[in-house]
Structure formats: structure tokens, C-alpha cells
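Per the UniProt record's numbering: the sequence shown ends with 453, consecutive numbering throughout. The beta-carbon is built from N, C-alpha and C at its ideal position, and this holds for glycine as well. Note sheet for the following structure.
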Amino acid sequence: MRAVNPATGETVATYQEHTDEEVEQRLTTAQETFEEWSDRSIREREELLANAADVLRENKQKYGEIMTKEMGKPISQAIAEVEKCAWACDHYAEHAGAYLETEQFPSPPGSEVRTVHDPLGTVLAVMPWNYPFWQVIRFAAPYLTAGNVGVLKHASNVPGCAVALQEVFEKAGYPEGAFQSLLVSSSKVDDILADDRVKAATLTGSGPAGRAVAETAGEQLKKTVLELGGSDPFVVLDDADLAGAVEKGVLARTLNGGQSCIAAKRFIVHEDVYDEYVDRMVSAFEDLHVGDPMDETTDVGAQADPDLMAELHEQVQQSVDAGATVLTGGEPLDRDGAFYPPTVLTNVPEGCPADAEETFGPVASLYKVEDEQEAIQKANDTRYGLGASLWTADRDRGRRLARDIDAGCVYVNEMTKSDPRVPFGGIEDAGYGRELSEAGIKEFVNRKTVWIQ
């Protein structure tokens, strides 16, 4: 298993894949650890999670560099990702006990009715490369603190991140087997998920990968949480703060090189402000510094893989062939490494790749609409339903229109983002279930009703 720096094409490190026997041993260790781990008090588990937050902060430069070298994100964003992971650990270290507190219910005289939250066991996590630390910590922090144990099948291009994440929990003092990384290919996922010792699974990734996991889990009647793709709308109404909508719109499309399920991808702009918004956005895109991801001044680093960049460019080319106009960008940069420029498309035809598919890179599709009704109709014209951003100076208007957008989360006058304090997830082809907050920690527990007469 080889980690390749997408900015240089050089091999970062080579890792030995785990054999079937090693996977078997790790699943056995996980099961044995669960028996002891689940008996610990919630306070003990919270204390260890607080330790994990400390480990993350103390090693943020080291872990950030691993991410940057393996998948190309700018080092400043990688370090910020580690800091966000520590924040999530802090959050659950402080709130897990309250989230999982026994619930009391009204009951007949002489009886007592309550619901307790028991952990399920070993949870398999299949995680992507785009946020290689955050995607893992946002599952591990709540699920481990609830008393589960975790096994991670990380993306094959970030094996160093997988190893480092296991190190985080080891350094924090977790028992052996509480969190283990499995260095295996995707072809092994079905067999691992079908194993009786694995009780549930969570996946962040593509639609096909999510459907495959859901199918296998369904055959075994195992609980799953799926966070899949997105084609998030970014709606700018006629009364919007254009400066703010441009600033956050550029960040929402280009952060992490645009390689995010919750990145703004379809910019739907009222005709009264469309021309000015387009001019400002093109100018802002052209001001971004694309370059060496290890340079702290870089805004957009390398795309994670040359093949993925080629897929993105093919989507752009097919959209242009269908009638879209390129205002800036649109061609891979003529330099070593997988670098794609921030790109703005207008006149995007309905049904072309830039309109109907998820574009996983710094490509913004802009649309002109006549009124708010057309804006909401266009926002909902997607098979995905992950996030949305809506810009208006009228908070009541924003509150009203947010209810009309079909998505798991709608942010008014803010970019879509995940936050450990609030539920995160989507509907339709964006997946199901929720991560983070109280909703996330309760996804993989048995909400057991106890009636005492």
C-alpha cells in the first residue's frame, strides 16, 4: 500500500497490507476489548477522550504534514483540521454523559420506566481521503465514548493517516483494541462487515460505495450510517450582502481544493445581482494562490490524485461541449503534480456533468434566476440532499425559505459546515443517519427500555 504525494508524484511511504490472519486477530482483539471497555464508566471514557484532544493538539504539525503529503491539502488547512478534531473530542468529553443520560418516562403507580443507552460492539468505519482526520474523529469520538470499539478501513491513498489515527488513541491511553486501523483494500470490506463480531458500520464516501455497504449490512440486518455525495446549492438572493456572499462562496467552493461533499457547487444567483456577483467571484478565484501545499500562503493545493483530476476535467470538458462557458480556469495547470485551477462556469446546461453530477474539485457552476421561487426550484433540482447555503438580508425570509430547501442542513448567510455541536447528515442520495451532537452519539447504541413493576 503506497502513499504518493500528489503535488510531486513522489512516493511518501510504503505500508504492508494486513493479511487475512492479521485482520482476524484484530477483530478478535476488538471483541475482547469491548467486553472490558463497555463496562467502564462514561466518565472514564470521557477522560480518555480529553487525552486524545491533547494528543491531537500536541502533534498537530506532524499530523498536518502527513495529510498534506498524502492527499495534497494546504498545510494551513491540514493543521486546522487537526485542531477541529481536538475540538470534537473536547465536545464529547464534556457532553457525552449528558447525551447518554438515562431517560425517565411517565409510568403507572408502583412502576418505573426508563431508557438506557447500551453500546452495540465493534463498529466498522469506511472513511475517505478528503478529510482523512476529521472524517474519522467525528465517528470515533462519539462512538468510542458511548462504549463501542472501532475498526477503521481508511482510503488506500492515506495509509499514513490511518496509522497516525490509531497512534492518537494509543497515546491517549485507550486499551489495545479500542480503535484499530485495518490496512486492507476495498475488496475486503464486505467480508469484514459480514463478520458476526462487527455489529454496525458507518461510511463516508461515494454513492456506489455506500450502496455496497448498505446492501451487505442489510443482508446481515446491521445498522449503518451513510454520508455520501453532495451537489450543494449556494443561493444568493437580490437583497444579499454580496461581499459576504462572495467571500464565503469562494471559500465554500475551493476549501480543501473543492474536494468536499458539502462544498458549494451550484451557485444560484438572482438576476438583479448576478452580473456583479459573477464579476466579483471570477476576480476572487483568480486571486487565489494555487501551489505547493506545504507553503503556508497556498490557498489551493494539489488535487488528491491525478486520475481524480482527470475525471474532474472530463466533467468540465463535457459541460463545455454541452454549452457551458468557462470564465476562468478550465484546464489543468502546466506543471508537475495534480493541480487544477479554480474554475467558474456559466450558461451551464441542464443535465450536463457540471449541473447533474458531483464535481469534486474547485469548479463553480453559476446560474441566473428571476426570483426566489425559481431559486428554490433550482436548489432542489438534484438527487442529492446534503447541505445548502442561502444568502439574504432578511432573516425572516431566510428562515421561511430554508424550510423549502430539501437538504439535511441549511445555512443562512453562512457556508455549509460540520460542527460537533449540531447534527450533520443528508437525505436522498446524500445518505442517511446523523453524525455529531447528541444525534450522532445515539446512532450506534441500543436504546433499551427498562420497565420495573
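Segment limits, alpha helix (DSSP H) that includes residue i
i	result
A375	372–379
L401	395–402
Q166	159–171
A201	That residue, A201, is in no alpha helix (DSSP H); its beta strand (DSSP E) goes 198–204.
H91	75–99
T33	20–37
H313	306–321
V282	271–287
Q61	60–71
V189	189–194
D355	353–356
Pair within 8 Å by beta-carbon distance, residue i and residue j
i	j	result
P6	A304	yes
T346	G330	no
A364	F267	yes
F133	L165	yes
R45	E83	no
S231	E314	no
W129	V235	no
T224	A201	yes
D429	Y384	yes
G173	N51	yes
I405	A379	yes
Q135	T28	no
L226	G433	yes
D33	P142	Rather than Asp, the amino acid found at residue 33 in this sequence is Thr. In this structure, P142 does not lie closer than 8 Å to T33 by Cβ.
P159	A30	no
residue 463	S181	Shown here, the chain extends from 1 to 453; a query on residue 463 therefore has no answer.
L242	M415	no
L49	F444	no
Y340	M309	yes
T325	L288	no
Y277	A245	yes
V348	S389	no
G431	I262	no
V168	V55	yes
Anticipated Cβ contact below 8 Å, residue i with residue j, distance rounded
i	j	result
A88	L144	That pair is no contact at about 12 Å.
V213	V149	Not really, about 19 Å apart at Cβ, beyond 8 Å.
L401	I376	6 Å
Y131	N256	7 Å
N446	D196	Wrong, their Cβ atoms sit about 17 Å apart, outside the cutoff.
E103	T122	About 25 Å separates the two Cβ atoms, so there is no contact after all.
V198	L124	5 Å
Q220	G361	The Cβ separation is near 35 Å, so there is no contact.
A53	A93	7 Å
M1	S156	6 Å
V113	T382	Incorrect: roughly 43 Å between the Cβ atoms, too far for contact.
Outcome for residue i when other beta-carbon atoms lying within 10 angstroms are tallied against a minimum of 16
i	result
I137	buried
W451	exposed
D307	exposed
E81	buried
L183	buried
D299	buried
D90	buried
F105	exposed
S283	exposed
S418	buried
T68	buried
H154	buried
G323	exposed
A393	exposed
D39	exposed
G291	buried
T11	exposed
A78	buried
Unbroken beta strand (DSSP E) run spanning residue i, endpoints
i	result
L226	223–227
R253	Note, R253: premise wrong, no beta strand (DSSP E); alpha helix (DSSP H) at 242–254.
G150	149–153
Y367	363–369
E215	Counting along the chain, E215 falls outside any beta strand (DSSP E), though it belongs to the alpha helix (DSSP H) covering 207–220.
W134	Not the beta strand (DSSP E): W134 falls in the alpha helix (DSSP H), residues 134–145.
G387	387–391
E103	103–105
D232	232–236
I452	445–452
S181	179–181
E438	Looking at the DSSP string, E438 is not in any beta strand (DSSP E); the run it does join, the alpha helix (DSSP H), is 437–441.
A324	Note, A324: premise wrong, no beta strand (DSSP E); not H, not E.
R421	From DSSP, R421 is part of no beta strand (DSSP E); its letter is neither H nor E.
*Three-pair Cβ contact test at 8 Å for the region 330–337 versus the region 353–362*: Contact between the region 330–337 and the region 353–362 is absent, because fewer than three Cβ pairs lie under 8 Å.
*Specify whether the region 361–380 and the region 257–276 touch according to this definition: at least 3 beta carbon pairs, one from each stretch, less than 8 Å apart.*
The way I'd put it, the region 361–380 does touch the region 257–276; three or more beta-carbon pairs between them come closer than 8 Å.
*If you pair each beta-carbon of the region 18–25 with each one of the region 52–71, do three or more pairs fall below 8 Å?*
Fewer than three Cβ pairs drawn from the region 18–25 and the region 52–71 lie within less than 8 Å of each other, which leaves the two stretches out of contact.
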